[in-house]
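Only one structure is covered here, and it is reproduced in the block below.
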Amino acid sequence: MSDKIVSVVRGTGSVLPERVMRNQDFVGVVETSDEWIRQRTGIAERHIAGEGETTASLAEGAARRALDAAGLEPADIDLIILATATPDNTFPASAVDVQNRLGISHGFAFDVHAVCSGFLYALTTADMYLRAGQARRALVIGAETFSRILDWEDRTTCVLFGDGAGAVVLEGVPAEESAGKGILVAKLRSDGSHKEKLFVDGGPSTTGTVGHLRMQGREVFKHAVGMITDVIEACFAAAKIGPDDIDWFIPHQANRRIIDASAKKLGIDIDKVVITVDRHGNTSAASIPLALDTAVRDGRVKPGDLVLLEAMGGGFTWGAILLRW
20 MSDKIVSVVR GTGSVLPERV MRNQDFVGVV ETSDEWIRQR TGIAERHIAG EGETTASLAE
80 GAARRALDAA GLEPADIDLI ILATATPDNT FPASAVDVQN RLGISHGFAF DVHAVCSGFL
140 YALTTADMYL RAGQARRALV IGAETFSRIL DWEDRTTCVL FGDGAGAVVL EGVPAEESAG
200 KGILVAKLRS DGSHKEKLFV DGGPSTTGTV GHLRMQGREV FKHAVGMITD VIEACFAAAK
260 IGPDDIDWFI PHQANRRIID ASAKKLGIDI DKVVITVDRH GNTSAASIPL ALDTAVRDGR
320 VKPGDLVLLE AMGGGFTWGA ILLRW
């Protein structure tokens, strides 16, 4: 009998705000058009949080749906990791708020801040806690309300982002009982020298304000494909597999052109790529779990499938995870 623990996904869930903002809704607000946005990003619409909808409330909704999918109750969870760059408060962590909303008073909860790569960072962190025996079941959530930090007069950024939340229930099980399922490889990277290319121009310690998102779009695009492919190839090498072995590629949903270019460079068939950026926009840390839940619920991702997740975000941070569904 092996004492090795493997982290297996038991359920997924997601929530989107009620309000849908389509490209044509920006006409007259900023100098843009539906055609301009579609051609450059692949985005047609995104969801915008309304009054009473916050990062924590969206995270709670996604968490409850993931628990339902897993057939579990909140009391079964002993770890919550929430990936977000838009918490409800400077402190405490929004994960603690979600813990309370779910009626959980045991275990531990905290936030992870790695912007668009946040969900991968959170999933990798949860995996390490489970394998170390520090927890048995974790809720890993990506939730954002980026609409609250956008400059709505900057047409280069305000059309790109949306709000939402996605979650997975992760359980640590003995390897011999996992049937080959679970997280196989995780690779994370960061390089702070790129900070000025994608950042928010405010914060408690600097301006005392929330600030607005600022981005050098061409610079981000220039670095994205190379960084993404580099870390994915590292995953392939570690797992001793190639692009043809992948059943589903679920990338961060930032820009359709980046997604297409990355798949092409990696040699991954575009038919294996899950794309939701057209309906969700860039939801930062919520992006991957939203796309994953969509593909699980519509039947694309099935038991036994080999799934590749990847993201790159401000910092820069980036990473990739291989898991067997």
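Mapped onto the numbering used here, the consecutive letters of the sequence shown carry residue numbers 20 to 344.
In this text, a Cβ means the ideal position worked out from N, Cα and C, and glycines have one as well.
Item: Counterpart residues of Leu217 in DSSP-defined beta bridges; Value: Met234
Item: 7 Å Cβ shell around Leu361 - same chain, five flanking residues per side excluded; Value: Residue 361 lies beyond the residue range present for the chain, which begins at 20 and ends at 344; the question has no answer from this structure.
Item: Assumed close pair Val28, Val204 - CB separation to whole angstroms, cut-off 8 Å; Value: Wrong, their Cβ atoms sit about 15 Å apart, outside the cutoff.
Item: Range of the contiguous beta strand (DSSP E) that encloses Arg29; Value: Ile24 to Val34
Item: Span of the alpha helix (DSSP H), counted from its first residue to its last, around Lys321; Value: Careful: Lys321 lies outside any alpha helix (DSSP H) and carries neither H nor E.
Item: Cβ-Cβ distance between Val39 and Glu64 below 8 Å; Value: yes
Item: Proximity winner among Ala75, Glu70, Asp53 and Glu92, relative to Val34 (alpha-carbon distances); Value: Ala75
Item: Unbroken stretches of the alpha helix (DSSP H), 4 residues or longer, contained in the region 176-217; Value: none
Item: Whole-number beta carbon distance between Glu37 and Gly69, since they are thought to touch under 8 Å; Value: 6 Å
Item: DSSP bridge partner residues for Gly332 (one or two, in chain order); Value: Thr336
Item: Alpha helix (DSSP H) segment containing Phe45, residue limits; Value: Here Phe45 belongs to no alpha helix (DSSP H), and DSSP marks it neither H nor E.
Item: Alpha-carbon spacing of Met20 relative to Ala194, whole angstroms; Value: Here Met20 scores only 38 on pLDDT, less than 50, and its place in the model is too uncertain to base an answer on.
Item: Residue from Arg57, Ser212, Ala85 and Ile56 with nearest C-alpha to Arg316; Value: Ala85
Item: Val296 (DSSP reduced to helix, strand or coil); Value: helix
Item: Backbone secondary structure at Glu252 - three-state DSSP; Value: helix
Item: Cβ pair Gly126, Leu98 closer than 8 Å; Value: yes
Item: CB contact flag (Met331, Ala253, <8 Å); Value: no
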